[in-house]
Structures are given as structure tokens and as C-alpha cells.
Ligand SMILES: Cc1ncc(COP(=O)(O)O)c(C=O)c1O
């Protein structure tokens, strides 16, 4: 064990980690990173197959982003955004508005994905008070949805494994079935599905639509809930229902934004325009914390008025719109333009799809799903019966360990093994990564019960 590992064990408490797992095991200490690769203290290489928690876009250490950060550090490193402004926040807001549908006209910054969503929820609730519909206080979300770890976003979360301990603290909200197509909650076949799982939403709106403030969803993929990729039609139908009953729609693109699904934003594939768009993770290319909640002029105008009218949105975080993070975000958008990042994606996505196909034949792979640069394999105990492993079996743990031996940083989500690759990953790297994943997953010794 290195001195750093010893001190890590002594002083650090890691997120989403059972520290007991590392009582006898050395934690991987990353010393440097380049492109899709991470290097540990001893110089060993690992592919960052999960984009360091789904945020790295152009690879680690991209020179354009580093230069933008360095330039900004010569000017101003932090300034409050209440009552003052700065070039980066302004120019970035202009670019985000230009990149997104015309209806989204205003940008409110914060510093992580949870707050991006929390802000959208609070804005919606306050909006309804300002426009004389204070009865619209009920919130709707999807089972297996994930929007963050604050009390508000946990209240709208649908992953009991994460938030069960706080159940008593969370406020009530409506939960619609998850569009978990492999295990359809209403028993439909994918070929003939007409998104029947949205019927409870239609019923809820018919019964009490005038009381519903907002629906929040992750477009096209419920990521933390198990990489559940769902049809465009579901998002379109949900959005149409919101429109019909005047309910706000929040699209949480914290994970899907910035090219990950093959388009700049997942919502583009469905042609759906929300009232609130939540962005973070890839916003800075993944290298600094920053988030943005975009909304419409109608929402903005409802908060606009004389101070005494009590229309101010009293919400803000110290590092809201931080200048260095804004410079990084502008650098990332510059790379999208200069490297024509999105134009290279279809070939990479097709190549990845080709490389993943054989995994579906493994007897322990129940479902293979892909959306853009995201691929997921759901492992099952028996393919015909789709019998899942119980969470306590930790089917992902031996796979994670075997991945490390192969030079892969994998982070299984329960029974789901996934790749969430930086957009910069080359065809040769996709080939190498999928080959190594194949070595891990095709070896029955790494799979529980086989
Ligand atoms: C869809 C989605 N929303 C919100 C969040 C929360 O973001 P953060 O961890 O930055 O608070 C995440 C994080 O994984 C996410 O995937």
C-alpha cells in the first residue's frame, strides 16, 4: 500500500461507496489522465469507460479547455453572480440559448446536476403562484428516475436503493411506471408497444390536471436507474400530455446533454421542447463543476416585477456561474465546433454497436441496449425467465475487479454493466475497450453462479 493509499483510508469517505469494501483492498489512486485513459501512481493505464461519472466529453486534459482555464485564471477566478456579471457567464448563456430550441430563452446557473433540477422544480412551483394558479403544487416523476441527491430531487427520484433511507423525509409526489422496456411494467411487447405505460399519466391529468405543476424526466434513458433506454415515442407522448393540460415539463439532460446520445441533446431526437432544461456534467467538457437550468421567457416574465411584488427567485449558490467553469464550458463548445465532434459520432456509434453485438449471445446477458455512445448489458440468472440477480448478490463486484486487471475502469450499476464513452474515443480505442470488456464478461469465472 502506498503512503497516499494509507492516508486515503485514514482520512477520506468516498461517495456511493461502502468503505468496508476497501478495508483490505487498495483503492485506485489516479495520478494523471489523458484522452480516454487514466494512469495510477505506478503508471498503470485504465480506460475511463464511464467518462469519470458521465461527464468527460472530449477526453481528459484537452488542450483547448486547459488553455481557456489558464487564460481565465489570469483575469478573475470567482465573482458572485448576484448583482454583478462577467463575460464568461454572459457569452456562455448566449451560446446555450443558441444551441437549444428558441423557446428556451434564459439561463440560470448553479454548480451540479442536483441543483440544476432542484432549481427547475422550485422555479416551476413559484411560477404557478405568480400566475394565479397556486393550486398547481403536485409533482410527477418516473419510477427508476434519478435527478440527484438533494432532498427535493430525491423526493422525485425513483431508485429506492439510493434514497430509501430518507423515505420519511421526502415529500409526496406522483410516480409513473418506468419505461423499462426489457421488463415492461404493463406487459407490452416492444414491437407492438404504444407506450401504454403512460396511461396512468393520462388518467392522473384527466382527474386532477389543474393541480399538477410539473413532470420531470430524463429524456430517452433513465441512466442511474439502470441505463433504461426507452422509445422516442414515450417522450413525445408525455410531452403532448403535459401540453394538453398546461403542465410544465422538465427535461433532465444532466447526463444525456452534450452529445452523449448521438445528438447534442437527447430531446432533439424526439423533437420535444421542455419548459425547463437541466444541464451539468458535460457542460464544461466534464472538467469543472457547473450547471445550468434553461427556461422560457414566459417563466422569466412571471418573476419580473417591482421588488415589493415579491416575485424574486431567492435561490443561488456561492459558485453559481463561476468564471473559470464558464471559460471551460466555452472551451468545450469551441471544441464541438472546431473538431466537428457531432459529425464523427454516427460512425463511432455504428462501430460500437457492431462490436457489442456478440455480447447479446452470452448466456448471462439478458438485454443489450445502446443509445449513442452509451451501451448497457443487463445480466440475468436465466435468460428465458429474465430472472434478475438480487441486489445483495453484487453481481457487478467481481466484474469490476476483473475489469481493473484488464485495465478498465468499469462501474457496474447493480446488474447492469455499461460503457459511457467520451465522444473523443477513437475507433481503435472502441475496439480495444470492447475487446477487454469481452475478455471480462465472456469468462464465466467472473459471473456469479456460472
Ligand atoms: C440525470 C441526472 N440528473 C441529475 C444528476 C445529479 O447530478 P450531480 O451528481 O452533479 O448532482 C445526475 C447524476 O448522475 C443524473 O444522472
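Numbering (the numbering used here), first residue to last: 307 to 756. Glycine is no exception: its CB is placed at the ideal position from the N, C-alpha and C atoms. Being a predicted model, the structure only gives us computed values, none of them experimental.
Runs of beta strand (DSSP E) wholly within the region 316–376 (minimum 3 residues, chain order)
As far as the region 316–376 is concerned, its whole beta strand (DSSP E) runs of at least 3 residues are 336–340, 343–346 and 351–354.
Where do the ends of the alpha helix (DSSP H) carrying residue 536 lie?
Counting along the chain, residue 536 sits inside no alpha helix (DSSP H), nor does DSSP assign it H or E at all.
Measure the beta-carbon distance from residue 378 to residue 598 and round it to whole angstroms, keeping in mind my assumption that it falls under 8 Å.
Between residue 598 and residue 378 the Cβ distance is about 17 Å, and since that is not below 8 Å, they are no contact.
With three or more C-beta pairs closer than 8 Å as the rule, is the region 589–604 touching the region 542–550?
Between the region 542–550 and the region 589–604, the count of C-beta pairs closer than 8 Å stays below three; the two stretches do not touch.
With hydrogens ignored, establish whether the beta-carbon of residue 554 is closer than 6 Å to any heavy atom of ligand 1.
No; taking the cut-off as 6 Å, the Cβ of residue 554 has no heavy atom of ligand 1 nearer than that.
Taking the alpha-carbon positions, what's the residue 587 to residue 465 distance?
So the alpha carbons of these two residues sit roughly 20 Å apart.
On the CB-based measure, 16 or more other CB atoms within 10 Å of its CB, does residue 842 come out buried or exposed?
Within the shown structure, residues of the chain are numbered from 307 to 756, placing residue 842 beyond reach of any answer.
Check whether the region 737–751 touches the region 357–377, taking contact to mean three or more Cβ pairs, one atom from each stretch, closer than 8 Å.
With a cut-off of 8 Å, the region 357–377 and the region 737–751 do not count as touching, because too few Cβ pairs lie within range.
Run the CB neighbour count on residue 624, radius 10 Å, all protein chains shown included, and call it buried at 16 or more, exposed below.
Its Cβ having fewer than 16 others within 10 Å, residue 624 is exposed.
Counting pairs of beta carbons, one from the region 575–582 and one from the region 425–440, are three or more of them closer than 8 Å?
Flag = yes, the region 575–582 and the region 425–440 touch.
Let me know the secondary structure DSSP gives residue 701 once reduced to three states.
Look at residue 701 here: in three-state DSSP terms it is coil, with no helix or strand label.
From residue 531 to residue 564, what does the alpha carbon distance come to, in whole angstroms?
Rounded to the nearest whole angstrom, the CA to CA distance from residue 531 to residue 564 is 20 Å.
Can you tell me the Cα-Cα spacing of residue 326 and residue 315, whole angstroms?
Residue 326 and residue 315 have their alpha carbons spaced roughly 10 Å apart.
Return the first residue and the last residue of the alpha helix (DSSP H) that residue 423 is part of.
Segment 419–436, the alpha helix (DSSP H) holding residue 423.
Quick check on DSSP: helix, strand or coil for residue 548?
The answer is helix: DSSP assigns residue 548 an H, G or I state.
Do residue 631 and residue 360 come within 7 Å of each other at the CB atom, strictly closer than that value?
No, they are not a contact pair.
Do you know whose CA, among 454, 459 and 455, lies nearest residue 445's CA?
Ranking 454, 459 and 455 by Cα distance to residue 445 puts 459 first.
Is the separation between the beta-carbon of residue 555 and that of residue 521 shorter than 7 Å?
Yes. Within cutoff.
I need the straight-line Cα distance from residue 527 to residue 403, nearest angstrom please.
When rounded, the distance between both Cα atoms is 23 Å.
Measuring from each Cβ to the nearest heavy atom of ligand 1, keep the ones under 6 Å and list them in chain order.
That gives 418, 419, 420, 423, 452, 453, 454, 524, 529, 530, 558, 560, 561 and 586.
Keeping to the same chain, check which residues put their C-beta closer than 6 Å to that of residue 456; ignore five residues upstream and five downstream.
The answer, listed in chain order, is 420 and 424.
Using 7 Å as the threshold, is the C-beta distance between residue 544 and residue 437 below it?
No, the Cβ-Cβ distance between residue 544 and residue 437 is not below 7 Å.
Three CB pairs or more closer than 8 Å across the region 501–514 and the region 694–704
Segments in contact, no.
Determine the direct distance from the alpha carbon of residue 659 to that of residue 679, and round the result to whole angstroms.
Computed Cα separation, rounded: 9 Å.
Going by the CB atoms, is the gap between residue 501 and residue 540 shorter than 7 Å?
Between residue 540 and residue 501, the gap from beta carbon to beta carbon is short of 7 Å.
Taking contact to mean at least 3 C-beta pairs separated by less than 8 Å, is the region 383–396 in contact with the region 363–370?
No, because fewer than three Cβ pairs between the region 383–396 and the region 363–370 fall closer than 8 Å, the two stretches do not touch.
Tell me which residue opens and which closes the alpha helix (DSSP H) that residue 670 is part of.
Bounds of any alpha helix (DSSP H) do not take in residue 670, whose DSSP letter is neither H nor E.
Rounded to whole angstroms, what's the CA-CA distance from residue 709 to residue 385? Just pull it up for me.
Computed Cα separation, rounded: 42 Å.
For residue 503, which residues of its own chain have a beta-carbon under 8 Å away from its beta-carbon, when the five flanking residues on both sides are left out?
The answer, listed in chain order, is 482, 483, 484, 485, 490, 491, 492, 494 and 540.
In chain order, what residues of the same chain lie with their CB nearer than 6 Å to the CB of residue 409, ignoring the 5 residues before and after it?
Cβ neighbours of residue 409 beyond the five flanking positions: 579 and 602.
Do residue 357 and residue 652 have their CB atoms nearer than 7 Å?
Between residue 357 and residue 652, the C-beta gap is not smaller than 7 Å, which leaves the two residues out of contact.
Return the CA-CA distance between residue 529 and residue 451, expressed in angstroms with no decimal places.
Computed Cα separation, rounded: 8 Å.
Less than 8 Å between the CB atoms is what I'm expecting for residue 576 and residue 523, so what's the real figure, rounded?
With a Cβ gap of about 11 Å, residue 576 and residue 523 do not count as contacting.
Could you check which residue in 656, 533, 748 and 712 has the C-alpha nearest to that of residue 733?
Ranking 656, 533, 748 and 712 by Cα distance to residue 733 puts 656 first.
Would you mind reading off the limits of the beta strand (DSSP E) that contains residue 412?
Its beta strand (DSSP E) spans residues 410–416.
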